[in-house]
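Visitor:
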Amino acid sequence: MSSPSSLDRSMSAALLRRQQISSFRSLTLAPQGSIDFSSNDFLSLSASASFRASFQRELSRIAHAPLGSGGSRLLDGNSVYAEDLEVDIAGFLQGKAGLLFNSGFDANSGFFACVPQPGDVVVYDELIHASVHEGMRLSRAGRTLPFAHNDVGALEAVLRELVDGDQLVRDGKRNVFVAVETLYSMDGDLAPLQGIVDTIERVFGGGNGYLIVDEAHSTGVYGDMGRGLVCELGLEEKVFARLHTFGKALACNGAIILCSPLVRQYLINYARTLIFTTSLSLPALAAVRAAFTLLWNGDTRDAQDRLHSSIKHLHNQLSRLTSTANCVLQNSDQNNTPIVSVLTPKPRLLAKYLQDRLYLVRPIVYPTVPRGKERVRICVHSANTHEEVDGLVARIGEWVEQEEKAAAVTDMKANL
Ligand SMILES: Cc1ncc(COP(=O)(O)O)c(C=O)c1O
Numbered sequence: 563m564s565s566p567s568s569l570d571r572s573m574s575a576a577l578l579r580r581q582q583i584s585s586f587r588s589l590t591l592a593p594q595g596s597i598d599f600s601s602n603d604f605l606s607l608s609a610s611a612s613f614r615a616s617f618q619r620e621l622s623r624i625a626h627a628p629l630g631s632g633g634s635r636l637l638d639g640n641s642v643y644a645e646d647l648e649v650d651i652a653g654f655l656q657g658k659a660g661l662l663f664n665s666g667f668d669a670n671s672g673f674f675a676c677v678p679q680p681g682d683v684v685v686y687d688e689l690i691h692a693s694v695h696e697g698m699r700l701s702r703a704g705r706t707l708p709f710a711h712n713d714v715g716a717l718e719a720v721l722r723e724l725v726d727g728d729q730l731v732r733d734g735k736r737n738v739f740v741a742v743e744t745l746y747s748m749d750g751d752l753a754p755l756q757g758i759v760d761t762i763e764r765v766f767g768g769g770n771g772y773l774i775v776d777e778a779h780s781t782g783v784y785g786d787m788g789r790g791l792v793c794e795l796g797l798e799e800k801v802f803a804r805l806h807t808f809g810k811a812l813a814c815n816g817a818i819i820l821c822s823p824l825v826r827q828y829l830i831n832y833a834r835t836l837i838f839t840t841s842l843s844l845p846a847l848a849a850v851r852a853a854f855t856l857l858w859n860g861d862t863r864d865a866q867d868r869l870h871s872s873i874k875h876l877h878n879q880l881s882r883l884t885s886t887a888n889c890v891l892q893n894s895d896q897n898n899t900p901i902v903s904v905l906t907p908k909p910r911l912l913a914k915y916l917q918d919r920l921y922l923v924r925p926i927v928y929p930t931v932p933r934g935k936e937r938v939r940i941c942v943h944s945a946n947t948h949e950e951v952d953g954l955v956a957r958i959g960e961w962v963e964q965e966e967k968a969a970a971v972t973d974m975k976a977n978l
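The opening residue of the sequence shown carries number 563 in the working numbering; numbering runs sequentially from there.
1) Just to confirm, does His-875 get its C-beta within under 7 Å of one of the non-hydrogen atoms of ligand 1?
2) Is Pro-909 buried or exposed, if buried means 16 or more other CB atoms sit within 10 Å of its CB?
3) Name the two residues that bound the continuous beta strand (DSSP E) containing Phe-617.
4) Kindly provide the ranges of any beta strand (DSSP E) runs that are 3 or more residues long and lie completely inside the stretch 792-871, ordered along the chain.
5) Please state whether the Cβ-Cβ distance between Ala-848 and Ala-813 is less than 8 Å.
6) Count Cβ pairs between the stretch 714-725 and the stretch 660-668 that sit closer than 8 Å; are there 3 or more?
7) Please tell me whether Phe-709 and Ala-703 are closer than 8 Å, where the distance is taken between their beta carbons.
8) When the Cβ atoms of the stretch 613-625 are set against those of the stretch 748-764, are three or more pairs found closer than 8 Å?
9) Between Val-738, Ser-634, Ala-592, which has its C-alpha nearest Leu-707's C-alpha?
10) Does the separation of the CB atoms of Ser-780 and Gly-790 fall below 8 Å?
11) Report the residue ranges of all alpha helix (DSSP H) runs contained in full by the stretch 937-977; include only those spanning at least 4 residues, in chain order.
12) With a 10 Å radius around its C-beta and 16 neighbouring C-beta atoms as the bar for buried, classify Ile-597 as buried or exposed.
13) Report the residue from Lys-800, Ala-753, Pro-566 whose alpha carbon sits nearest the alpha carbon of Asp-895.
14) So is Ala-956 buried or exposed if we call it buried at 16+ other beta carbons inside 10 Å?
15) I need the boundaries of the alpha helix (DSSP H) containing Leu-647, first residue and last residue.
16) Comparing alpha-carbon positions, which option in Ser-568, His-943, Asn-670, Thr-839 lies nearest His-877?
17) So, at 8 Å on beta carbons, what are the nonlocal neighbours of Thr-906 in its own chain, with the 5 sequence-adjacent residues on each side left out?
18) Excluding the 5 residues flanking Met-748 on each side, which residues of the same chain have their C-beta closer than 6 Å to its C-beta?
19) Taking one C-beta from the stretch 836-845 and one from the stretch 661-680 each time, how about it: are there three or more such pairs within less than 8 Å?
20) Going by beta carbon distance, what residues of the same chain come within less than 8 Å of Cys-821, once the five residues before and after it are set aside?
21) Are the CB atoms of Gly-666 and Gly-809 within a distance shorter than 8 Å?
22) Under 6 Å Cβ to Cβ from Phe-674, same chain only, skipping five residues before and after it: list those, please.
23) Which term fits Val-649, buried or exposed, when burial requires 16 or more other beta carbons within 10 angstroms of its beta carbon?
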């Protein structure tokens with residue numbers, strides 16, 4: 563047998579290091595019969611009869627069109643179907659123009675890589691998604707600066723320091739982009755969007771502060787007919803660009819950036835994640851149209867209402883758990899979000915305890931979250947019944963009690 567190559571040895575060593583620090587990643591499958599408290603399928607569209615029927619109707623309507631996209635959007639991958647879809651989604655979401663991307667990751671990384679001009683500044687919430695980091699890494703921005711998560715005062719301090727310390731920013735000649743999400747996927751909390759908008763307006767009288775909002779987790783969940791948080795708050799005109807992804811509550815793939823026609827044209831010319839990739843195939847586009855058709859016909863209203871009822875119930879039930887060293891609720895002050903984190907030093911053990919009882923939840927460990935912030939993440943869906951929520955919370959309570967008892971026994975033995 564030949565000895566492992568130097569490359570094999572390096573990769574094996576890197577994987578071993580990950581195992582040693584408990585950050586090894588692997589693909590897993592949900593045990594059959596699990597109750598989903600994990601996926602981003604917030605409206606439970608993925609397996610719904612209504613979405614399947616809408617998709618099949620859309621496929622029959624376009625039965626004779628070519629299935630493949632044929633290339634990049636700039637070459638043979640464009641179609642009347644894609645352009646109409648963009649216009650319809652942008653109209654529904656109250657954006658001036660829209661540009662489809664193959665994924666939210668592509669959209670964010672493509673946008674942040676090309677829109678900030680040389681020397682510009684990107685200020686971002688410290689918990690912003692990896693796709694924005696990817697874009698910033700590739701961008702020509704002179705500086706990228708974090709601000710403390712969801713902290714409007716901290717944002718203002720960073721922006722004021724920029725204005726005070728940089729003549730070009732002060733004169734409105736250097737642009738400052740502020741990148742936030744609406745609903746953060748790990749902490750499950752909503753951004754104080756109105757405060758962020760007010761701060762940017764207050765600091766940048768010259769109009770060179772631009773807000774970019776990622777609605778990945780809020781699409782379908784908030785706003786009339788699931789239009790998202792920016793629409794719910796009436797902030798469409800205050801946001802420079804908005805990202806809506808289709809892979810979460812809409813149960814599809816892909817994403818759209820809502821922006822001005824000029825920004826759209828710029829992205830078509832400079833966003834490498836749009837230019838150098840095959841565009842979405844017809845079945846993928848048809849699925850997106852099928853999902854949006856449900857939204858704009860009001861057919862997801864019931865699911866959205868059920869989701870919010872489940873959210874309320876989950877938060878109520880969880881709030882009855884007593885916080886201990888083994889279990890602290892991350893976002894207990896916000897009770898209207900479908901993502902809740904249970905902070906625990908033993909996320910894998912808690913997740914396994916719940917998974918073994920067919921409650922599908924995931925442990926989230928370093929480096930996805932900082933050390934000391936390890937957790938089990940719970941996502942609730944419109945299809946989760948109140949009884950399922952009760953069962954999940956009861957099992958968490960059981961596990962915490964067992965851990966407390968075990969810790970008390972250990973303490974007692976140590977004191978003997
Ligand atoms: C906040 C946020 N933005 C962007 C993305 C990327 O979207 P997509 O899954 O469509 O690539 C995700 C996905 O996890 C996300 O959570």
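Virtual Cβ for every residue (Gly too), placed ideally from N, Cα, C.
Guide: On the basis of the supplied data:
1) Along the sequence shown, read from residue 1 onward, the residue named residue 875 stands at position 313. Distances between the C-beta of His-875 and the heavy atoms of ligand 1 are all 7 Å or more.
2) Reading the sequence shown from its first residue, position 347 is the one you call residue 909. With 16 or more other Cβ atoms inside 10 Å of its own Cβ, Pro-909 counts as buried.
3) Your numbering for residue 617 matches position 55 in the sequence shown. First-last for Phe-617: 611-623, but that is the alpha helix (DSSP H), not the beta strand (DSSP E).
4) Taking 3 residues as the shortest admissible run, the stretch 792-871 contains the following complete beta strand (DSSP E) segments, listed from N- to C-terminal end: 803-807, 817-821.
5) Numbered from its first residue, the sequence shown carries residue 848 at position 286. Numbered from its first residue, the sequence shown carries residue 813 at position 251. Contact flag unset, no.
6) Counting Cβ pairs under 8 Å, fewer than three are found: no touch.
7) Translated into the one-based positions of the sequence shown, residue 709 becomes position 147. Translated into the one-based positions of the sequence shown, residue 703 becomes position 141. Not in contact: Phe-709 and Ala-703 (Cβ atoms no closer than 8 Å).
8) With fewer than three CB-CB distances shorter than 8 Å, the stretch 613-625 does not count as touching the stretch 748-764.
9) Counting from 1 along the sequence shown, the entry for residue 707 is found at position 145. It is Val-738 whose Cα lies nearest to the Cα of Leu-707.
10) Counted from its first residue, the sequence shown places residue 780 at position 218. Counted from its first residue, the sequence shown places residue 790 at position 228. Yes; because the gap between Cβ atoms is below 8 Å, this pair is in contact.
11) Within the stretch 937-977, the runs of alpha helix (DSSP H) at least 4 residues long that lie entirely inside it are, in chain order, 948-977.
12) By one-based count along the sequence shown, residue 597 stands at place 35. Under a 10 Å Cβ-count criterion, Ile-597 is classified as buried, with 16 or more other Cβ atoms of the shown protein chains found around its own Cβ.
13) On the sequence shown, residue 895 is found 333 positions in, with the first residue counted as 1. Looking at the Cα atoms, Ala-753 is the closest of the given residues.
14) Walking along the sequence shown from the start, residue 956 turns up at place 394. Ala-956 should be labelled exposed.
15) Here residue 647 is taken as the residue at index 85 of the sequence shown, counted from 1. 642-654 is the span of the alpha helix (DSSP H), which, as asked, contains Leu-647.
16) Position 315 of the sequence shown, counted from the start, is the residue given in the question as residue 877. Cα-wise, what sits closest to His-877 is His-943.
17) On the sequence shown, residue 906 is found 344 positions in, with the first residue counted as 1. Its chain contains Asn-888, Cys-889, Val-890, Leu-912, Glu-936, Arg-937, Val-938 as the residues whose beta carbon lies nearer than 8 Å to that of Thr-906, once the 5 sequence neighbours on both sides are disregarded; these appear in chain order.
18) Locating residue 748 in the sequence shown gives position 186, counting from the first residue. Val-931, listed in sequence order.
19) Yes, they touch.
20) The residue labelled residue 821 in the question sits at position 259 within the sequence shown. Same-chain partners within the cutoff: Gly-657, Lys-658, Ala-659, Gly-660, Leu-661, Phe-802, Ala-803, Arg-804, Leu-829.
21) On the sequence shown, position 247 is the one that residue 809 refers to. On the sequence shown, position 104 is the one that residue 666 refers to. Contact: yes.
22) Residue 674 sits at position 112 when you count from the first residue of the sequence shown. For Phe-674, where only same-chain residues beyond five positions count, the Cβ hits under 6 Å are Val-694, Gly-697, Met-698, Ser-701.
23) In the sequence shown, counting from the first residue as 1, residue 649 sits at position 87. Its Cβ having fewer than 16 others within 10 Å, Val-649 is exposed.
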